[in-house]
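Before any comments, here is the structure.
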Amino acid sequence: LKAPDKKNERRDILRKLVKEIFDEEAIARRALGVHWRERTKEEKQEFVKTFNKLLERTYFEKLDRYLEKSESFSRENILYLNETVGEHYAVVKTRVKVGKETEVPVHYRLINKQSKWFVCDIAIEGVSIVKNYRVQFNEILANSSFEELMAKLKSKEQEG
77 LKAPDKKNER RDILRKLVKE IFDEEAIARR ALGVHWRERT KEEKQEFVKT
127 FNKLLERTYF EKLDRYLEKS ESFSRENILY LNETVGEHYA VVKTRVKVGK
177 ETEVPVHYRL INKQSKWFVC DIAIEGVSIV KNYRVQFNEI LANSSFEELM
227 AKLKSKEQEG
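Using the working numbering, the first residue of the sequence shown is number 77, and each one after it goes up by one.
The following block contains the structure:
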């Protein structure tokens, strides 16, 4: 599935996996932070949908770039380092081999919901996706409205 002509097939498979193991609402809620409480049910649903489309496009493109650098990509490219497990949260630390000599640290933060673990944040090279977006969203919302934030997210979606 690494070949350029397999891009759509690869993304469809990844999309299915993401839906099974990622808690998209938790990721969106954490990224919006304190502003989540102020939103209506409909606004929350729209935000989750729009934000996750943005994340998907952004990180699928990043994955495509990694695959271009890598001669092959399989389970062997993912090195499990360790995990820290609590009652409600866990952190799984990995390194992803990209190319012959490059390893990228990728740490997954998970939440336990009804005895099943779901990813609620990823830190790539030490940068948390949730925290990164929360800072950006706080800045936008400090200077404008939720509607303006949604317009910006939708315009980024259309750019892709």
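Don't be surprised by glycine CBs; every beta carbon is placed ideally from N, CA and C.
All of these numbers come straight from a predicted model, not from anything done at the bench.
Rounded to the nearest whole angstrom, the C-alpha separation of K95 and V174 is 25 Å. The beta-carbon distance between V168 and E159, rounded to whole angstroms, is 5 Å. This is short enough to meet the 8 Å contact definition.
Of the candidates H164, K176 and K192, K176 places its Cα closest to the Cα of E152. Your pair A107 and R210 checks out as a contact, with CB atoms roughly 5 Å apart and the cut at 8 Å. With a cutoff of 8 Å on beta-carbon distance, I198 and I205 are scored as near each other. When beta bridges are read from the DSSP output, Y165 appears opposite I187. For F98 against V195, the beta-carbon gap comes to about 5 Å, under 8 Å, which counts as contact. The C-beta distance from K83 to E233 rounds to 18 Å, too long to meet the 8 Å contact threshold.
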